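Below is one structure, written out as structure tokens; comments come after it.
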Amino acid sequence: MSIFIPLVIRLVLGKEPYANSSPHRPHIQRFYRFTIVYIMLVAGFPFYKVLYDQLPEKYQGCAIVILPMWKFAAKHLIIRASRELEDFIPETVALSADFVSSLFVTVCVSTSDSLYLTAAFIMADLAQSMLELREVQANANVVVNLHQERRQSRAYLKVKAERSINVQKDNLLTTMLAVTRNPSFFNIRSLSSTRLRACLPHPITQDQANTLRDLENSGVYTFNAPTRATIVANQHKIRVSSVAIAPESSDTDSKLVTDSSEIERERVEKSKQLIVQGLQLLFHCEYLALVEYVECIVPLIYVIYKSVLEQLPNIDYFPGGAGNWGTQAIVNVLVSAILEIGSLILLNLVLQRKFSFSPMYQLAFVLETQIITVQAKLLLTILALLQYQLEHMGADFTFRFQWLQDSHP
């Protein structure tokens, strides 16, 4: 597939998009990188499952240790293949590496005869979810501290009552929206590490387009990923622009002005850190919500698929035939799904309590705005991985190929 797809695309598109001067060449190269990595992940799943089945039962627990390392490597491959589309990285990683990993755990849980091995798989998967939730908690604590320090400094400096943020509704999102929509009001002259527009455009209204245009003209935001030279230049620009020519004053007045400048500079720096750390928190929460969503739906899809397949006549063409899908397998998979749903609810409660926002809105936004890519990846991955054992596909992982030796009249 990794060879066939590029050849077909080359025949359909012709030579022009592949020329060095073509503006489409970077997009095609990015597509090829991602396609090859994605096919590697999907095609590797059957071999991992075969190796797992060939192991003696007492050694199958080694998969619990190897699986997190495989997932870590797979995530980095996906990120490297789609690094220019950073807004789509959470959805891309969750529906590729995490999907394949979750399906592998589900299949192992459903086919395991050992209660301890099944419990070990479920607990290991939950432990990974708890570790990811702990990382979000650590990032959240940093954002909370920055937010509290900013509120205290604002009260200390006696900011005017007409400020755009209401004290009673001063949560993380309202603060971030107020600062990002009007950075000059908070004396922020550069957010060099913050990109204004998405890597791929979203449908927006004319008023929103005008707002983005005004923010672009302000020169606060960057259009692409900032380089080191850009960051240094912006920092230098801030330092130079903060110097003003004034008449010579007394030592007391000079000290008051210096203290006031230091306090204002510190407040501006805290606001910038709050924006950067807050955006990182939202990015991490979006990815974690997608991972929990995938880990919730994969067991349910697998239960429905196997239950329906058990009633179909083509079950005879799967390894083992009919009768291998019983109540115990269904219970094991449903218990895993219930625990994953619980971890998703826990993530939602933690973020609502701390920041008054729900990751469910982020999940809904991704599923709505990226519905085509989400459905395409789910459909292709499910069809490929759930039916690879069908004899009609020509797969024989015993490498005996008995159907070639059978003679038919």
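One rule links them: number in my numbering = place in the sequence shown (from 1) + 150.
Positions of the beta carbon are idealized from the N, C-alpha and C atoms, including for glycine.
The structure displayed is predicted, hence computed values, not measured ones.
Residues near Pro-449 by beta carbon distance below 6 Å, same chain, minus five either side: Translated into positions along the sequence shown, residue 449 becomes position 299. Thr-256, Val-483, Ser-486, Ala-487, listed in sequence order.
DSSP on Arg-339, reduced to helix/strand/coil? As a working mapping, residue 339 is identified with position 189 in the sequence shown. Coil, per DSSP.
Please return the same chain residues whose Cβ sits closer than 7 Å to the Cβ of Leu-265, not counting the five positions on each side in sequence. As a working note, residue 265 is residue 115 in the sequence shown. Within the same chain, Leu-265 has no close Cβ partners at all.
On a CA-only basis, which of Val-516, Asn-360, Ser-262, Ser-508 is nearest Glu-323? Give me that one, please. Numbered from its first residue, the sequence shown carries residue 323 at position 173. Contrary to the premise, residue 323 reads as Leu rather than Glu in this sequence. Of Val-516, Asn-360, Ser-262, Ser-508, the residue nearest in Cα terms is Ser-508.
Secondary structure, alpha helix (DSSP H): runs of 4+ residues fully inside the stretch 206 to 258: 212 to 231, 239 to 243
Three Cβ pairs or more, each shorter than 8 Å: is that satisfied between the stretch 229 to 238 and the stretch 206 to 213? no
Among Arg-284, Lys-527, Leu-346, Glu-299, the one whose alpha carbon lies nearest that of His-434: Taking the first residue of the sequence shown as position 1, residue 434 is located at position 284. Checked all of Arg-284, Lys-527, Leu-346, Glu-299; the closest Cα to His-434 is Arg-284.
Rounded straight-line distance, which links the Cα of Ser-421 to that of Cys-258: Position 108 of the sequence shown, counted from the first residue, corresponds to residue 258. Position 271 of the sequence shown, counted from the first residue, corresponds to residue 421. Taking the straight line joining both Cα atoms gives about 48 Å.
Given that a residue counts as buried once 16 or more other Cβ atoms are within 10 Å of its Cβ, and exposed if not, what is Phe-271? Within the sequence shown, residue 271 is the residue found at index 121, counting from 1. When all chains shown are included, Phe-271 counts as buried.
In angstroms with no decimal places, state the Cα-to-Cα distance between Val-458 and Leu-535. Sequence index remark: in the sequence shown, residue 458 carries index 308 (1-based). Sequence index remark: in the sequence shown, residue 535 carries index 385 (1-based). In a straight line, the C-alpha of Val-458 is about 16 Å away from that of Leu-535.
Given Val-292, which residues of its chain have a CB within under 7 Å of its CB, disregarding the five upstream and five downstream residues? Here the question's residue 292 lines up with position 142 in the sequence shown. Taken in chain order, the residues that qualify are Gln-427.
Hey, Tyr-467 and Leu-533: beta-carbon distance below 7 Å or not? Indexing the sequence shown from 1 puts residue 467 at position 317. Indexing the sequence shown from 1 puts residue 533 at position 383. No, the pair does not count as a contact, with Cβ atoms beyond the cut-off.
Answer yes if the stretch 168 to 180 comes into contact with the stretch 215 to 228, meaning at least three C-beta pairs across the two stretches below 8 Å, and no otherwise. no
Counting C-beta neighbours from all protein chains within 10 Å, is the total for Lys-490 16 or more, i.e. buried, or is it exposed? By one-based count along the sequence shown, residue 490 stands at place 340. At residue 490 the sequence reads Glu, which differs from the Lys that was named. Glu-490 is buried by the Cβ-count criterion.
Per DSSP, what kind of secondary structure is Arg-347 in: helix, strand or coil? Within the sequence shown, the letter at position 197 stands for residue 347. Coil, per DSSP.
Closer than 8 Å is the cut-off here; do at least three beta carbon pairs connect the stretch 512 to 527 with the stretch 471 to 483? no
C-alpha gap between Ala-328 and Leu-424, whole angstroms: Counted from its first residue, the sequence shown places residue 328 at position 178. Counted from its first residue, the sequence shown places residue 424 at position 274. Between Ala-328 and Leu-424, the C-alpha separation is close to 12 Å.
Spatial neighbours of Ile-239 within its chain, please: C-beta separation below 7 Å, excluding the five flanking residues on both sides. Residue 239 sits at position 89 when you count from the first residue of the sequence shown. Taken in chain order, the residues that qualify are Ile-229, Ser-232.
Identify which residue in Leu-163, Tyr-202, Leu-513 has its Cα closest to the Cα of Lys-244. The residue labelled residue 244 in the question sits at position 94 within the sequence shown. The residue asked about is misnamed: residue 244 is Ala in this sequence, not Lys. The option with the nearest alpha carbon to Ala-244 is Leu-513.
With distances taken Cα to Cα, identify the nearest neighbour of Ile-253 among Leu-163, Val-453, Glu-460. Residue 253 sits at position 103 when you count from the first residue of the sequence shown. Before going on, a small fix: residue 253 reads as Leu here, not Ile. The candidate whose alpha carbon is nearest that of Leu-253 is Val-453.
Start and end residues, alpha helix (DSSP H) containing His-567: Here the chain has residues from 151 to 559 only, and residue 567 is not among them.
If you run the structure through DSSP and keep just helix, strand and coil, what is Val-370? As a first step, residue 370 is located in the sequence shown; it is residue number 220 there, counting from the start. In this structure, Val-370 counts as coil in the three-state DSSP scheme.
Just verifying my parser: in three-state terms, what is the DSSP assignment at Pro-176? What you label residue 176 is simply residue 26 of the sequence shown in a count that begins at 1. Helix.
Check each candidate in Leu-494, Ile-521, His-542 and name the one with the smallest Cα separation from Pro-469. If you number the sequence shown from 1, residue 469 lands on position 319. Comparing Cα positions, the closest option is His-542.
CB Glu-416 to CB Ser-493, shorter than 7 Å? Here residue 416 is taken as the residue at index 266 of the sequence shown, counted from 1. Here residue 493 is taken as the residue at index 343 of the sequence shown, counted from 1. Their beta carbons are not under 7 Å apart, which means Glu-416 does not touch Ser-493 by this criterion.
Give me, in chain order, the residues of the same chain whose beta-carbon lies closer than 7 Å to that of Thr-268; leave out the 5 immediate sequence neighbours on both sides. In the sequence shown, residue 268 corresponds to position 118, counting from 1. Closer than 7 Å at the Cβ level, and outside the excluded window around Thr-268, lie Val-259, Ser-262, Asn-482.
According to the Cβ coordinates, are Leu-438 and Glu-282 closer than 7 Å? The residue given as residue 438 occupies position 288 in the sequence shown. The residue given as residue 282 occupies position 132 in the sequence shown. Yes, the pair counts as a contact, with Cβ atoms nearer than the cut-off.
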